[in-house]
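A.B. asks: Heads up: the sequence shown runs through residues 1 to 349, numbered per the UniProt record's numbering.
Even for Gly, the Cβ is constructed at its ideal location relative to N, Cα and C.
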Amino acid sequence: MPKSMPIQIAVRSWTRAIKRSVGVSVVALASTILPIAPTVAHDSNTPRGSLTDVNALPPAPGLIFDVVAGEYIMFDTLVERLSGRKYILIGEKHDNPIHHHHQAQLVNALSKSDERERAIVWEMFTRDQQASLEDSWQTLPVSELGPAMAWEDRGWPSWHDYAPIAQAASDNGLMMVAGNLPDDLLKPMISNGNDALPDDLAAKLDLPDMPTEILDRFNVEIAEGHCNMLPESMLGGFSAVQFARDASLARAMSDAANIDGIDGAFLIAGAMHVRHSIATPWHLQRYEPELEARDIAVVSLIEADDPGPDASSIEDYAMRFGAPDDIDFMWFTNDIARGDPCENLGMGQ
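(1) Which residues mark the beginning and the end of the beta strand (DSSP E) in which ILE90 is found?
(2) With HIS102 and ASP161 assumed to form a contact (beta carbons below 8 Å), what rounded beta-carbon distance in angstroms separates them?
(3) For GLY308, is the classification buried or exposed, using 16 other Cβ atoms within 10 angstroms of its Cβ as the cut-off for buried?
(4) What number of angstroms, rounded off, separates the C-alpha of PHE266 from the C-alpha of ALA69?
(5) Grab the span of the beta strand (DSSP E) containing PHE218 for me, first residue to last.
(6) Using only the alpha-carbon positions, how far apart do MET272 and ALA148 sit?
(7) Can you tell which of MET229, GLU213, ASP200 and ALA279 has the C-alpha that lies nearest to the C-alpha of ALA269?
(8) Taking only the alpha-carbon atoms, compute the straight-line gap between ALA337 and PRO289 and give it to the nearest angstrom.
(9) VAL68 by DSSP, collapsed to three states: which one?
(10) Whose C-alpha, out of LYS204, ALA166 and GLN167, is nearest the C-alpha of LEU181?
(11) Assuming LEU140 and PHE332 are in contact, meaning their beta carbons sit under 8 Å apart, how far apart are those beta carbons, in whole angstroms?
(12) Which class does LEU291 belong to by DSSP, given the choice of helix, strand or coil?
(13) So if DSSP puts ASN180 in a beta bridge, which residue, or which two residues, is it bridged to?
(14) In chain order, which beta strand (DSSP E) runs of at least 3 residues are fully inside the segment 109-157?
(15) For VAL241, list the residues DSSP reports as bridge partners.
(16) Ignore the nearest five residues each way along the sequence and tell me which others in ARG127's own chain have a CB closer than 8 Å to its CB.
(17) Measure the Cβ-Cβ separation of TYR87 and ILE296 and say whether it is below 8 Å.
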């Protein structure tokens with residue numbers, strides 16, 4: 001049965017009418033970008049005085065690419081093309097603060113521009129934190145929410161970087177939802193698979209046998225993500241956790257969208273959790289078979305490579321995520337300085 005309307009939804013409904021009465025404009029992040037298709041090779045012999053071949057531009061920070069349309073677009077066009085979508089999944093690289101700024105910008109713009117009332121589901125909060133999240137969300141300023149939820153103690157980057165997303169939620173009266181599996185289930189699941197799930201959660205997630213093609217992709221990605229130092233015998237357990245996490249996020253989105261006063265959800269999660277054919281969207285389709293392709297949109301924040309003579313193409317970036325059609329919109333950003341994650345890494349230490 002639907003729950004009663006959360007107080008933040010009522011507040012949002014009241015404030016939205018005021019905002020619309022004065023008009024809301026969407027700021028284009030990259031106002032000079034023209035629609036282009038970056039797969040066309042650059043012709044260095046273009047005659048002087050002819051139009052510049054903008055198709056030669058490789059992906060670069062600030063550019064947004066619509067994969068389906070095959071063109072670069074501006075931010076306001078992104079908002080327009082996402083308007084009305086039931087589920088909008090915004091993938092990130094956890095330690096890049098630019099990504100969280102952009103996520104906040106998109107949540108804010110969409111919440112002001114269309115009619116859907118969407119909750120925000122977080123990978124970073126776990127299901128056993130939901131009651132604490134609801135209480136803290138109603139009583140604490142945004143700056144204090146992360147510390148109250150033991151954010152950095154649980155291994156996430158600075159709450160200061162993520163706070164703009166929560167601020168966008170607060171400004172628009174959005175419900176906050178903890179979507180991930182409880183931390184204390186992870187080790188038991190690695191050892192015992194789905195049998196480690198409590199009965200009520202197992203029934204809610206209703207996990208099927210993992211398709212072979214998903215298992216194979218997860219195994220490769222998890223091995224590479226652990227610098228190929230994880231024993232092969234453990235890959236299946238880690239993949240089972242990944243599969244269940246994606247299901248948990250999808251279930252949280254679907255459940256939130258059925259609460260009275262809410263009819264959709266955003267997801268804030270790592271980029272690997274938002275891929276159409278293998279991750280959270282796959283489970284959304286499982287929970288809601290009636291969903292149409294247009295009901296789900298994936299926006300991935302992607303760090304652009306340094307430009308060079310052999311600059312990566314859109315297709316190159318797509319394949320880094322496993323398939324050419326797993327992402328609908330690629331939003332390119334600067335990267336940040338990082339050390340070698342595999343240096344001095346030793347499993348079990």
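C.D. replies: Concretely, from the data shown:
(1) 87-92
(2) HIS102 to ASP161, Cβ: 12 Å. No contact.
(3) exposed
(4) 22 Å
(5) Premise fails: PHE218 lies in the alpha helix (DSSP H), 212-225, not in any beta strand (DSSP E).
(6) 27 Å
(7) ALA279
(8) 42 Å
(9) coil
(10) LYS204
(11) Their Cβ separation, rounded to whole angstroms, is 34 Å, which puts LEU140 and PHE332 out of contact at 8 Å.
(12) coil
(13) THR126
(14) 118-126
(15) Paired residue(s): none; VAL241 is not in a bridge.
(16) ALA178, GLY179, ASN180, LEU181, PRO182, LEU201, SER248 and ALA252
(17) yes
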